[in-house]
Amino acid sequence: MPSSSQVLPPGIGPSEHRQFFDELAKVVGDENISRDASAGALIGPHQQRSYGDPFALVDQDQHLPSGAVRPASVEEVQQVLRLANQFSMPLWTISRGRNLGYGGSAPAVAGSVALDLHRMNRIVEVNEADAYAIVEPGVSFFDLYEEIKRRDLALWPSCAAIGWGSVVGNTLDHGFGYTPNGVHTEAQCGMEVVLPTSELLRTGMGAMTDSRLFPLYKPGFGPSVDGLFYQSNLGVVTKLGIHITPAPESSIYGWGFWKAEFGLQGDADVVPALESSLRRAITKIPGANLEVKRFGGTPGKFLRGDEVETKSVPHSGVPTLEPLSLTDCRMASGSGHTDFSPLVPTSGPELLEWYFAAKEMVSAAKLDFFADFHAYSRYIIPIVLVVYAPEEKERANELCKNLIDDAVRRGLTTYRTHIEFMDQIRGHFSYNGHALAKLVDSFKAMMDPNGILSPGKSGIGRLK
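Numbering (the numbering used here), first residue to last: 50 to 513.
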């Protein structure tokens, strides 16, 4: 629940804050500003409309925004940034404010104004022939899926475990899904970005006016800069191209839960060969049992995602909210979760050693151990889902610190983290006197000289 107090940004008084919002109202209208954190956000997991972290690990005031502004266009975003520079007002960019387990819509620096982009919800284009979409930050995985379904397109969009999040926001935080294009950073192609100074640019081929290759060829000409806008505060991404998996023929194998779940997709002749290959590998595991279920559609047509049975993992690209119910396990109103998400090499012994250590730490904290493992070709993301009741948040916070410290001792760190730990995680990247951090800080100083955009995001440009 939101704090009853008004938390202002460092160095900003009530009069300046009021004047800033008066000017914002002239840009977006009174109905699209919130002068405190109590209302205006999309409905959250506890049916709240307030801004902040619904699953707070610390006191709300430590990460509470002082209000919010909800622009609906690129031009309005530009005007908001100009005003923020004029008033030296820190903003905290959110796409839809979901980011559950990592801070929700709460800022790293208390008192920052939420730059809430959920009204920018246009699906600019969905192209079936070239299998891509261009979306604004307010577009959810549900929105994109429903548009593809409405048009009966032969596409299976990737979606995160919980489908109400932003396609853009999830991608920019290195989120992932479960189709062949599930590594969203790799599927991303082309960005439109408003810089902190309010200048507008497009990356890659988009830098060429009216380029037809904007969502098709990512590198462009010369240095590629898309990566500057991942997990950073160097710009506001207002449009993003994303590649989508073409729907397979009307034949698919589904694999039920056995400590793992797989989806095999492809031509009708290819899928059985994939199954045979995996069966040979799995039968080498003592006691392993493999269950296969076939999902068929109309021969000669593509298989719709909603024709495939979905449990809790959206392998066929059909969004769901089912994983949210996991917080009910603590049997307490207002329970929440945070995620500890390390990167581990694909070494069985190393992963097993980490697993037992993590399980022991969770048990010592008197919390339930939930973990899932997302395996890629050269690394694994084993996520510990820390579920806690409101009165258990101090124990959950301490557990996260212990998990982070243990990872560092193993030469590991996380791919993404809660706002409470962003400074700590950034400190792990200390090679050669924090050379990378110094380079990023130099970009921040050049691109955002007044430091108004999302201070503290990933530990970059925190206000003093």
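Here a beta-carbon is modelled for each residue, glycine too, at the ideal position from N, C-alpha and C.
| Asked | Found |
| --- | --- |
| Let me know if Thr-258 comes out buried or exposed under the rule of 16 or more other beta-carbons within 10 Å of its beta-carbon. | exposed |
| What residue range does the alpha helix (DSSP H) around Thr-234 cover? | 233-236 |
| List the endpoints of the continuous alpha helix (DSSP H) containing Arg-444. | 442-458 |
| Hey, Val-393 and Phe-419 are a contact pair by Cβ (cut 8 Å); roughly how many whole angstroms apart? | No, Val-393 and Phe-419 are not in contact; Cβ-Cβ is about 17 Å, not under 8 Å. |
| What are the uninterrupted segments assigned as beta strand (DSSP E) that are 3 or more residues long and contained completely in the region 174-258, given in chain order? | 181-184, 237-243 and 249-251 |
| Keeping to the same chain, check which residues put their C-beta closer than 7 Å to that of Phe-422; ignore five residues upstream and five downstream. | Ile-429 and Pro-431 |
| Between Asn-170 and Gly-218, which are expected to be in contact by the criterion C-beta below 8 Å, what is the C-beta distance as a whole number of angstroms? | With 8 Å as the limit, Asn-170 and Gly-218 do not qualify as a contact, their Cβ atoms being about 12 Å apart. |
| Considering Val-126, what are the terminal residues of the alpha helix (DSSP H) in which it resides? | 123-136 |
| Can you name the residues that DSSP bridges to Leu-277? | Paired residues: none, contrary to the question. |
| From Met-254 to Ala-182, what does the alpha carbon distance come to, in whole angstroms? | 15 Å |
| Under the rule that 16 or more other beta-carbon atoms within 10 Å means buried, what is Ile-82, buried or exposed? | buried |
| For Gly-78, tell me which candidate among Val-286, Ser-491, Ala-121 and Thr-294 has the shortest Cα-Cα distance. | Ala-121 |
| Measuring CA to CA, which of Asp-85, Leu-202 and Glu-324 is closest to Ser-161? | Asp-85 |
| Give the single residue among Asn-230, Leu-265 and Leu-221 whose Cα lies nearest to the Cα of Asp-275. | Leu-221 |
| Mind checking whether Val-216 and Phe-191 have CB atoms under 8 Å apart? | no |
| So what does Ile-430 bridge to, in DSSP terms? | His-423 |
| For Lys-442, I'd like the list of residues in its chain whose CB is within less than 6 Å of its CB, leaving aside the five on either flank, ordered along the chain. | Leu-106 |
| Could you name the residues of the same chain whose beta carbon sits closer than 7 Å to that of Phe-470, not counting the 5 residues immediately before and after it, in chain order? | Cys-449 and Ile-453 |
| Which one of Met-496, Leu-265, Arg-131 and Val-123 has the shortest CA to CA distance from Glu-235? | Leu-265 |
| List the DSSP bridge partners of Ser-396. | Beta-bridge pairing links Ser-396 to no other residue. |
| Among residues of its own chain, excluding the 5 on either side of Met-410, which ones have a beta-carbon nearer than 8 Å to its beta-carbon? | Leu-448, Asn-451, Leu-452 and Asp-455 |
| Any contact of the region 280-292 with the region 493-510, i.e. 3+ C-beta pairs under 8 Å? | yes |
| Enumerate in chain order the residues of its own chain whose CB-to-CB distance from Gly-212 is below 6 Å, with the five nearest sequence positions on each side excluded. | Phe-190, Phe-191, Pro-368 and Thr-369 |
| Any idea if Phe-389 is buried or exposed, counting beta-carbon neighbours within 10 angstroms, 16 or more meaning buried? | buried |
| Consult DSSP for His-167 and reduce its assignment to one of helix, strand or coil. | coil |
| Got a sec, what are the start and stop residues for the alpha helix (DSSP H) Leu-140 sits in? | Looking at the DSSP string, Leu-140 is not in any alpha helix (DSSP H); the run it does join, the beta strand (DSSP E), is 140-143. |
| Identify which residue in Pro-59, Val-232, Ile-143 and Ser-396 has its Cα closest to the Cα of Pro-206. | Val-232 |
| Going by DSSP, name the residue or residues bridged to Pro-391. | Thr-463 |
| Contact defined as beta carbons within less than 8 Å: I believe Lys-267 pairs with Cys-238. What is the distance between those atoms, to the nearest angstrom? | 5 Å |
| Enumerated in chain order, which unbroken segments of the alpha helix (DSSP H) with a length of 4 residues or greater are wholly contained in the region 61-118? | 63-77 |
| Given this structure, state the Cα-to-Cα distance separating Ile-143 from Ser-64, to the nearest angstrom. | 25 Å |
| Apart from the five residues on each side of it in sequence, which residues of its chain come closer than 6 Å, Cβ to Cβ, to Tyr-194? | Pro-206 and Pro-368 |
| Output yes or no for whether 8 Å exceeds the beta carbon distance between Gly-152 and Arg-168. | no |
| Can you give me the start and stop residues for the alpha helix (DSSP H) that Ile-291 sits inside? | Per DSSP, Ile-291 belongs to no alpha helix (DSSP H); it is in the beta strand (DSSP E), 285-292. |
| Distance check for His-66 and Ile-172, CA to CA, integer angstroms please. | 34 Å |
| Are the C-beta of Ser-503 and some C-beta of chain D separated by less than 8 Å? | Note that chain D does not occur in the displayed structure, where there is just one protein chain. |
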